[in-house]
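*Asks:* Can you keep this structure in mind? I'll have questions shortly.
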Amino acid sequence: MGCTTRASRWLAQADEIALVCSDAEASQQGACLVAMMQFLRGHQGLDATAEARAARFLSVDAYADAALALLPARCASMISQAGRGELACASVRLDGRSGPEATATARTPALALVAAYAQALVEAELSLAA
């Protein structure tokens, strides 16, 4: 039972990060990135080097670079502008060509990347459970 509760909490947290980032204002990028870093540290074993790189980028407001630094090495990603540039669109595939993939839109590339990454983690977990 404890494992199921922990997995449900993990999925809910990842899903919440994806939703919050998708709806966040540009001024909330830093907070969203910090939330994702904390989530990854607690649940995914965030690599210390990746975390340090992301923190350095975050300290100079390089939000898209910080988001990219959080992605795993074998992860594939794509960022584009949706519509008339009002929204950014990002796709994240966790394991290169064959892993779970998710796409998200948000107000900035960094927010879209974090939302897509969080959603891809959810998709990966759900595909393992199926």
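Just so we're on the same page, this note's numbering is the position in the sequence shown counted from 1, plus 361. In this text, a Cβ means the ideal position worked out from N, Cα and C, and glycines have one as well.
1) Roughly how many whole angstroms lie between the Cα atoms of M362 and A379?
2) For S420, which of P433, S441, A392, T464 has the nearest alpha-carbon?
3) Taking the alpha helix (DSSP H) that L394 belongs to, which residues open and close that run?
4) Between which residues of its own chain and A479 is the CB-CB distance below 6 Å, once the five residues before and five after are set aside?
5) Contact between the region 400–420 and the region 451–464: three or more CB pairs below 8 Å?
6) Pop quiz: A465 and A473 are said to be a contact at Cβ under 8 Å. What is the actual Cβ separation, rounded to whole angstroms?
7) What three-state label does DSSP hand S488 in the structure shown?
8) I'd like to confirm the pairing. Which residues does DSSP put opposite L448 in its beta bridges?
9) I need the straight-line Cα distance from A477 to I440, nearest angstrom please.
*Replies:* Concretely, from the data shown:
1) Note that M362 scores 45 on pLDDT, short of 50, meaning its location in the model is unreliable and no value can be drawn from it.
2) Closest option to S420, Cα to Cα, is A392.
3) Following the DSSP letters along the chain, one finds L394 inside the alpha helix (DSSP H) bounded by residues 390–404.
4) Within the same chain, A479 has close Cβ partners A375, I378, A379.
5) These segments do not touch.
6) Yes, they are in contact, since the Cβ atoms of A465 and A473 sit about 5 Å apart, within 8 Å.
7) Helix, per DSSP.
8) Answer by DSSP bridge pairing, in chain order: A443.
9) Pairing A477 with I440, the inter-Cα distance amounts to about 10 Å.
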